[in-house]
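Asks: Numbering (full-length UniProt numbering), first residue to last: 1 to 183. C-beta atoms are modelled at their ideal positions from N, C-alpha and C, and glycine is treated no differently. Let me give you the structure first, and then I'll get to my questions.
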């Protein structure tokens with residue numbers, strides 16, 4: 001096998017990644033949810049939308065580098081580019097995996113994309129706002145959690161947050177007498 005035939009493997013691998021990427025991107029949040037938070041006291045594990053973008057970015061990064069490797073004439077550059085592709089994929093993909101909201105019976109974890117993970121007890125909540133979907137302004141439905149140290153985060157109520165989960169959140173807030181606004 002000569003060098004030109006070996007280079008065609010880059011195109012094949014890029015095409016395979018392009019085909020399997022959507023499936024991996026869609027399945028990863030479910031796998032992460034089961035792996036990180038499958039306990040009886042779990043209320044909900046919500047992978048944030050930016051995590052899906054990071055998964056996609058990881059695949060695009062590798063596919064672009066594989067295409068660049070095809071056009072490169074240097075074996076050394078291809079080796080370095082291959083290492084960069086693997087390391088970059090792992091870093092970008094892991095950033096997506098670490099981007100979530102996890103509501104447990106005892107605590108709340110929020111791990112934003114570029115910030116440190118925050119963990120609070122439910123007792124630390126000072127206010128919760130539930131903004132309902134509004135057709136006129138096209139506002140998405142979301143929860144806004146405010147804590148006693150001033151930290152605030154919000155998350156969209158996607159298809160994963162159903163009536164059962166909303167009921168658990170509501171009852172937890174009532175039990176702890178946390179102010180709750182819904183509009």
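1. At 3 residues or longer, what runs of the beta strand (DSSP E) sit wholly inside the segment 55-88?
2. Considering only the beta carbon of each residue, do residue 27 and residue 100 sit closer than 8 Å?
3. To the nearest angstrom, how far is the alpha carbon of residue 30 from that of residue 170?
4. Among the candidates 34, 51, 39, 66, whose CA atom is the shortest distance from the CA of residue 9?
5. Quick one: grab the DSSP three-state call for residue 29.
6. What's the gap between the Cα of residue 11 and the Cα of residue 70?
7. Which of the three DSSP states is assigned to residue 47 in this structure?
8. Which word fits residue 87, buried or exposed, when buried means at least 16 other C-beta atoms lie within 10 angstroms of its C-beta?
9. Thinking residue 120 and residue 147 are a contact (beta carbons under 8 Å), I'd like their distance in whole angstroms, please.
10. DSSP on residue 117, reduced to helix/strand/coil?
11. With a CB to CB cut of under 7 Å and the five nearest residues on each side skipped, what residues in its chain are close to residue 45?
12. Across the segment 111-126 and the segment 158-169, are there enough close Cβ pairs to call them in contact, namely three or more that are closer than 8 Å?
13. Just grab the DSSP bridge partners of residue 251 for me.
14. On the three-state DSSP scale, how would you describe residue 134?
15. Based on the DSSP secondary-structure assignment, which residues constitute the bridge partners of residue 195?
16. What residue does the beta strand (DSSP E) around residue 108 start on, and which one ends it?
Replies: If we stick to the structure as given:
1. List check, beta strand (DSSP E) in window: nothing returned.
2. In this structure, residue 27 lies away from residue 100, with their beta-carbon atoms at least 8 Å apart.
3. Between residue 30 and residue 170, the alpha-carbon positions lie close to 25 Å from each other.
4. Residue 66 is the option with its Cα nearest to residue 9.
5. In the three-state DSSP reduction, residue 29 falls in the helix class (H, G or I).
6. For residue 11 and residue 70, the distance between alpha carbons rounds to 7 Å.
7. In the displayed model, residue 47 falls within a strand according to three-state DSSP.
8. Of the other Cβ atoms in all chains shown, fewer than 16 fall within 10 Å of the Cβ of residue 87; this residue is therefore exposed.
9. Taking 8 Å as the upper bound for CB-CB distance, residue 120 and residue 147 are in contact here, some 5 Å apart.
10. Of the three classes helix, strand and coil, the one that applies to residue 117 here is coil, per DSSP.
11. Here residue 45 has 33, 36, 37, 100, 102 as same chain residues with Cβ atoms under 7 Å from its own Cβ, once five neighbours each way along the sequence are excluded.
12. They do not touch, by the three-pair rule.
13. In the structure as shown, the chain starts at 1 and stops at 183, and residue 251 therefore has no counterpart that could be examined.
14. Note: residue 134 maps to strand in three-state DSSP.
15. A question about residue 195 goes unanswered here, because the residues of the chain that appear run from 1 up to 183.
16. Residues 107-111.
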